[in-house]
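Colleague: Residue 536 in full-length UniProt numbering sits at position 536 of the sequence shown; the count goes up by one each step and never skips.
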Amino acid sequence: MTTRPGSSKVDKSQDAHRAKAEVQARRNQGESDLLHELRVHQIELEMQNEELRRVQLELEESRDRYIDLYEFAPVGYVTLGSSGHIESANLTLSSMLGFERSALLKLRFSALVSEVSGDDWHRFMAAILNDQEDPHRTTDLRLRRRDEGTIEARLDCLRVTNAVHGAMVRVAITDITRIKQTEIALQASEKRYSLLAASTFEGIAISAKGRIVDVNEQLVEMLGFPRAELIGRPVAELISDEDRDRVMDNIHRGHESHIEHGMVRRDGSRIEVEAHGQPFSDDGRAFRLTALRDITARKEDEAAARIALHMEHLRNLAIEATLSEERERHSIAKDLHDGLGQTLHLARFKLDRLVKALPQELPTATLALELIGLLSEASGEVRSLTSKLSPPALKDLGLVAAISWLADEMGRRRGLQVVVEDDGVPKPLTEGQSTLLFRAVRELVINIAKHAGVGSARIGLRVCNNRLIITVADKGVGFIDWRATLEARRGFGLSSVRERITFLKGVMDIQTRPGEGTTVVLEMPFDYNDSAPTEMLP
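(1) Tell me which same chain residues have a C-beta within less than 6 Å of the C-beta of VAL520, skipping the five on either side of it?
(2) Helix, strand or coil, according to DSSP, for ILE332 in the structure here?
(3) Check the DSSP bridge columns for LEU309 and list the partner residues they point to.
(4) For ARG108, which beta-bridge partners are listed by DSSP?
(5) Out of VAL164, GLY166, LEU158, state which residue places its alpha-carbon closest to the alpha-carbon of ALA172.
(6) Which value, in whole angstroms, describes the spacing of the CA atoms of GLU100 and ALA208?
(7) Using a threshold of 7 Å, state whether the C-beta atoms of HIS261 and ASP243 are closer than that.
(8) Determine, using beta carbons only, whether GLU274 and LYS299 come nearer to each other than 7 Å.
(9) In terms of residues, what are the limits of the alpha helix (DSSP H) holding ILE446?
(10) Please work out which residues of its chain come closer than 7 Å, Cβ to Cβ, to GLY455, disregarding the five sequence neighbours upstream and downstream, and give them in chain order.
(11) Taking DSSP as the reference, what is the three-state secondary structure of residue 558?
(12) Write down every uninterrupted run of the beta strand (DSSP E) in the region 19-102 whose length is 3 residues or greater and which is fully enclosed by it, in chain order.
(13) According to the Cβ coordinates, are LEU375 and LEU344 closer than 7 Å?
(14) Return the chain-ordered list of same chain residues with a C-beta closer than 8 Å to the C-beta of HIS85, the five sequence neighbours on each side being excluded.
(15) Could you give the distance in angstroms between the alpha-carbon of LEU432 and the alpha-carbon of GLY517?
(16) If you measure between the beta carbons of MET168 and THR92, is that distance less than 7 Å?
(17) Would you check if the distance between the CB atom of ILE332 and the CB atom of LEU351 is smaller than 7 Å?
(18) Judging by CA-CA distance, which residue of GLY277, GLU44, ALA452 is the nearest neighbour of GLU202?
(19) SER95 to GLN187, Cα distance in whole Å?
(20) Under the rule that 16 or more other beta-carbon atoms within 10 Å means buried, what is GLU46, buried or exposed?
(21) Taking Cβ positions, are ALA153 and LEU141 nearer each other than 7 Å?
(22) Leaving out the 5 sequence neighbours to the left and right, which residues in its chain are closer than 8 Å to LEU406 when beta-carbon positions are compared?
(23) Taking the beta strand (DSSP E) that ARG467 falls in, what are its first and last residues?
(24) Quickly, what does DSSP pair ALA172 with across the bridge? List them, please.
(25) Can you tell me which of the three DSSP states VAL454 falls into?
(26) Under the DSSP definition of a beta bridge, which residues are partnered with GLU274?
(27) Measuring alpha carbon to alpha carbon, tell me which residue in LEU429, ALA16, THR430, GLU421 is nearest ARG462.
(28) Take ARG227 as the anchor and find which of GLY411, VAL247, ALA205, ASN162 has the nearest alpha-carbon.
(29) Nearest-angstrom Cα distance between ASP33 and ALA16?
(30) Given a cut-off of 7 Å, decide if LEU112 and ARG137 are closer than it, judged by their beta-carbon atoms.
(31) Since LEU230 is in the alpha helix (DSSP H), which residue starts that stretch and which ends it?
(32) Please state the DSSP three-state secondary structure of HIS136.
(33) What does the alpha-carbon distance come out to for the pair THR512 and ASP474?
(34) On the three-state DSSP scale, how would you describe GLU202?
(35) If we ignore side chains and look at the alpha-carbon of each, how far apart do GLY224 and ARG253 end up?
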């Protein structure tokens, strides 16, 4: 095949054009792909930027929250260098101590510690920096405020190590001033309670479910039990048998009560107490607080007062009986003197006239003279009986004169020589005392005349310590059992007189031995009661 000369040029031109078109097409395709990739990268970058902005916003929010938490936390935060200087502090600490934050920075923390806590802080700081095992420590200190006041603070410290600054201490500071004040107030209250419980005269017991859970020292002493033996012991075991049911019923009712009852000590003895019980609760548990006062002495005093009142009543009865007896004796003596005595005197007077009128040689005159003698004897007996019943000297002159008259009578009628010795001191006795003492002395000297086997006796009267002491003594045969003898030789009732002397607060004592005589001592206190009639004896 033959090629024309011009056709090859055309072909080459077409090939070149096609090649150029292909290159252009490929270029356009590459640019399109590149543009697509650029758009993809742009979208990715925009997404990354959006994520970065979101993260940055979250970081800023987190930082703000951290700053809020750090700056306005309820506790003060401070970071200390190893030298003790303040590296950073939050606003709470600044407010707590009253300092500007700028004034706190680079200040030694020890400058904020009160003098009373200075040594404690230095030891604490050294310990936390040097202890490699435990980086965490807590202590309580007193810190200074800018206004020269102080606060009580609790420091929670943590040692950390920083690559740049080395060892540092982060401190959280809590103001515990109110807590300390409350603790101090509570301690003071507990101390006051302890002092009150220790110094009170009352025993105090706390019980629960009928068993003792706590007592004070006064109750320990009151009942004689060791404290350990009282704790846990049933309350019922300490109550006397006759009061147990009543007291336990009162406790089980759970009301406030105020009662008196008996309690049993460790040695088995009984005491009387006044108990004031009050229920209370603690942590949901029911308790009972009981204050116990020992009223044994008061009860004994009340019993003694009742006995004293009874004795006073008996004393008054004894006085009244003595005075009534004396009035009756005086009445009988007066009747004898004014009645029978006057009749005998009148009969003797008329018989005397009859004798004078009769001739002496008549037998009737002799009989009349005998009758006159009998009438004289009868008159003498009446006068003697009258004097025995109611000696005139006792009522008119007093006890000493009456005893002197009695001594004369004993010598004249019984042959007993009685010596009366008086100290001459006035003796302000009541009428009842004088009468009773005279009857006792009369009975004693009559007993001497009858049983002592001697012809003499001695009566002594003296005043000592506002008491009249009368001694009646003899040197006769004496006796072994004076009580039995006293009861057997009743006479006008010497045993009864002894009882009456006792009722009048007097004493009757007998000292005797067989063959050595007998001495009886009567003691009577002077009664200065204005209502009681008295005699003033010289």
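Beta carbons: idealized from backbone N, C-alpha and C, even for Gly.
Modeller: If we stick to the structure as given:
(1) LEU444, VAL472, ILE510, listed in sequence order.
(2) ILE332 falls in the helix class under three-state DSSP.
(3) According to DSSP, LEU309 bridges with nothing at all.
(4) Listed as beta-bridge partners of ARG108 by DSSP are HIS85.
(5) Cα-wise, what sits closest to ALA172 is LEU158.
(6) Rounded to whole angstroms, GLU100 to ALA208 spans 57 Å at the Cα level.
(7) Taking C-beta atoms as the reference points, HIS261 and ASP243 count as a pair closer than 7 Å.
(8) One thing to note: GLU274 has its Cβ no nearer than 7 Å to the Cβ of LYS299.
(9) Where ILE446 is concerned, the enclosing alpha helix (DSSP H) stretches over 431-447.
(10) Counting only Cβ-Cβ distances below 7 Å, and skipping sequence neighbours, we find GLY415, LEU416, GLN417.
(11) Outside the shown range of the chain, which is 1 to 538, sits residue 558, and nothing can be said about it.
(12) Within the region 19-102, the beta strand (DSSP E) runs of at least 3 residues that lie entirely inside it are, in chain order, 76-81, 86-89.
(13) LEU344 sits close to LEU375, with the two beta carbons spaced by under 7 Å.
(14) Excluding sequence neighbours, HIS85 sits near LYS106, LEU107, ARG108, PHE109.
(15) Leu is not the amino acid found at residue 432; the sequence shown has Gly there. Computed Cα separation, rounded: 30 Å.
(16) Going by C-beta atoms, MET168 is not nearer than 7 Å to THR92.
(17) No, the Cβ-Cβ distance between ILE332 and LEU351 is not below 7 Å.
(18) Ranking the options by Cα distance to GLU202, first place goes to GLY277.
(19) Between SER95 and GLN187, the alpha-carbon positions lie close to 30 Å from each other.
(20) So GLU46 ends up on the exposed side.
(21) Remark: C-beta atoms of ALA153 and LEU141 approach each other more closely than 7 Å.
(22) So the list reads PRO391, VAL418, PHE438, VAL441, ARG442, VAL445, once near-sequence residues are dropped.
(23) Unbroken beta strand (DSSP E) run through ARG467: 467-474.
(24) DSSP, once it has assigned bridges, lists TYR77, ASP156 as partnering ALA172.
(25) If DSSP states are grouped into helix, strand and coil, VAL454 belongs with coil.
(26) Answer is GLU260, ARG293.
(27) Here the closest residue by C-alpha is GLU421.
(28) When each option's Cα is compared against that of ARG227, the closest is ALA205.
(29) Annotation: ASP33 to ALA16 spans about 25 Å, alpha carbon to alpha carbon.
(30) Taking 7 Å as the Cβ cut-off, ARG137 and LEU112 do not qualify as a contacting pair.
(31) Unbroken alpha helix (DSSP H) run through LEU230: 227-230.
(32) If DSSP states are grouped into helix, strand and coil, HIS136 belongs with the strands.
(33) Going from the Cα of THR512 to the Cα of ASP474 covers about 10 Å.
(34) Annotated three-state conformation of GLU202 is coil, per DSSP.
(35) Between the C-alpha atoms of GLY224 and ARG253 there is a straight-line separation of about 29 Å.
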